[in-house]
Amino acid sequence: MQETRQTQPLLLDMIYAAINSAPTALARVALYIAQDPEIVLSLSVADLARNTGSGPASIVRFCRTMGFSGFRDFKIALSGEIERGRVLNLAQRTAPEDIYLPPKLAVLSMALQNSIAASARILDESQITGLATRVRAARRIEVFGMGPSSVCADILAMRLIWLGFPVHSPSSASLSHGLARTLDNSSLAIGISSSGVTDETKDFLSIARKTGAHTMAITTRSDCPVAQNAEEVIVVTTAGAWPEAGSAMHVPSIVLLSEYLSLCLQQLESR
Numbered sequence: 001m002q003e004t005r006q007t008q009p010l011l012l013d014m015i016y017a018a019i020n021s022a023p024t025a026l027a028r029v030a031l032y033i034a035q036d037p038e039i040v041l042s043l044s045v046a047d048l049a050r051n052t053g054s055g056p057a058s059i060v061r062f063c064r065t066m067g068f069s070g071f072r073d074f075k076i077a078l079s080g081e082i083e084r085g086r087v088l089n090l091a092q093r094t095a096p097e098d099i100y101l102p103p104k105l106a107v108l109s110m111a112l113q114n115s116i117a118a119s120a121r122i123l124d125e126s127q128i129t130g131l132a133t134r135v136r137a138a139r140r141i142e143v144f145g146m147g148p149s150s151v152c153a154d155i156l157a158m159r160l161i162w163l164g165f166p167v168h169s170p171s172s173a174s175l176s177h178g179l180a181r182t183l184d185n186s187s188l189a190i191g192i193s194s195s196g197v198t199d200e201t202k203d204f205l206s207i208a209r210k211t212g213a214h215t216m217a218i219t220t221r222s223d224c225p226v227a228q229n230a231e232e233v234i235v236v237t238t239a240g241a242w243p244e245a246g247s248a249m250h251v252p253s254i255v256l257l258s259e260y261l262s263l264c265l266q267q268l269e270s271r
């Protein structure tokens, strides 16, 4: 199944509209976010509730009216929107004579950098440290992805192989599914899907989970079908202005994750 992008209404436009159309408590939340979206990325539900004179339940309700399951997913989407806005602003103010690179290349370069920065903000240090602990304990590690995500699977697998861990990353869905059936509770299965709806990756995790292996999804949506078939989910973002479906838009974030995991593993080894 080829990975695709989903087109959604601009989140900030929805937030601005909620200022005038939402119930009073939710409109107050919308106004606070609209005034300084970036500061919201560093707040907890309790912080935002206190700053807006509302309760945590109102924050969750507001996020759901925006189409998200909770505050974490809302912040991930907001972070991506902020980064996309930066890219567009760069494109609007940069003239060809102002830069060494061609304008389109400069904008794409900035998009890649912003994608990494956005993912860095949402990666959970304790979760990655926990993953490092599981990697060290696993007797077998299977990593799988389809389309552009297969490149990401290879990047992660190769990084761990060079550190001496028993990792496989077959490019064939049928082979990965077959290998998943041979896992056990000493194994780790990692499925990577940018869209979060790739059937082959979902099935890979489902099969591995039935064997008792610990399963982890790496995706851009915590509530997607692929994530629902894993015990743990690591969320990365694809912030940036990407030209077409099929672009390797989440590769930079996977590189970041792979190197961060490598550092955590090295720190554990040094203790």
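When the letters of the sequence shown are read in order and numbered with the UniProt record's numbering, they come out as residues 1 to 271.
For glycine and all other residues, C-beta sits at the position ideal for the given N, C-alpha and C.
Given the structure is predicted, the values throughout are model-derived calculations rather than measurements.
Can you check whether the CB of residue j is closer than 7 angstroms to the CB of residue i?
{"i": "T237", "j": "S79", "result": "yes"}
{"i": "E231", "j": "T215", "result": "yes"}
{"i": "A213", "j": "L183", "result": "yes"}
{"i": "F204", "j": "S176", "result": "yes"}
{"i": "A132", "j": "L265", "result": "yes"}
{"i": "V143", "j": "A157", "result": "yes"}
{"i": "V167", "j": "I192", "result": "no"}
{"i": "M146", "j": "E83", "result": "no"}
{"i": "I122", "j": "I155", "result": "no"}
{"i": "S195", "j": "H250", "result": "no"}
{"i": "V151", "j": "A248", "result": "yes"}
Quick check on the burial criterion: 16 or more other C-beta atoms within 10 angstroms. Buried or exposed for residue i?
{"i": "L11", "result": "buried"}
{"i": "K202", "result": "buried"}
{"i": "G53", "result": "exposed"}
{"i": "W242", "result": "Because W242 carries a pLDDT of 42, less than 50, the predicted location of this residue cannot be relied on, and no value is offered for it."}
{"i": "N185", "result": "exposed"}
{"i": "S149", "result": "buried"}
{"i": "P102", "result": "exposed"}
{"i": "S69", "result": "exposed"}
{"i": "E269", "result": "exposed"}
{"i": "I39", "result": "exposed"}
{"i": "V169", "result": "A small correction: the amino acid at residue 169 is Ser; Val does not occupy that position in the sequence shown. With 16 or more other Cβ atoms within 10 Å, it is buried."}
{"i": "R271", "result": "exposed"}
{"i": "L105", "result": "exposed"}
{"i": "N20", "result": "exposed"}
{"i": "S206", "result": "buried"}
{"i": "A30", "result": "buried"}
{"i": "A137", "result": "exposed"}
{"i": "S44", "result": "exposed"}
Give me the Cβ distance between residue i and residue j, rounded to the nearest whole Å; I'm assuming they're in contact under 8 angstroms.
{"i": "P252", "j": "I33", "result": "Actually they are not in contact, since the Cβ atoms of P252 and I33 sit about 27 angstroms apart, beyond 8 angstroms."}
{"i": "A208", "j": "A227", "result": "The Cβ separation is near 14 angstroms, so there is no contact."}
{"i": "V233", "j": "A217", "result": "5 angstroms"}
{"i": "I128", "j": "Y260", "result": "6 angstroms"}
{"i": "D73", "j": "D223", "result": "6 angstroms"}
{"i": "S58", "j": "A49", "result": "7 angstroms"}
Going by C-alpha to C-alpha distance, which of the options sits closest to residue i?
{"i": "P23", "options": "L48, F62 and A49", "result": "F62"}
{"i": "A18", "options": "T65, R50 and P102", "result": "T65"}
{"i": "V235", "options": "L160, L105 and I254", "result": "I254"}
{"i": "L160", "options": "R271, L263 and A248", "result": "L263"}
{"i": "P37", "options": "M14, S187 and G67", "result": "M14"}
{"i": "R139", "options": "L108, S187 and S21", "result": "S187"}
{"i": "Q267", "options": "L163, R181 and F71", "result": "L163"}
{"i": "L41", "options": "F71, A27 and P56", "result": "F71"}
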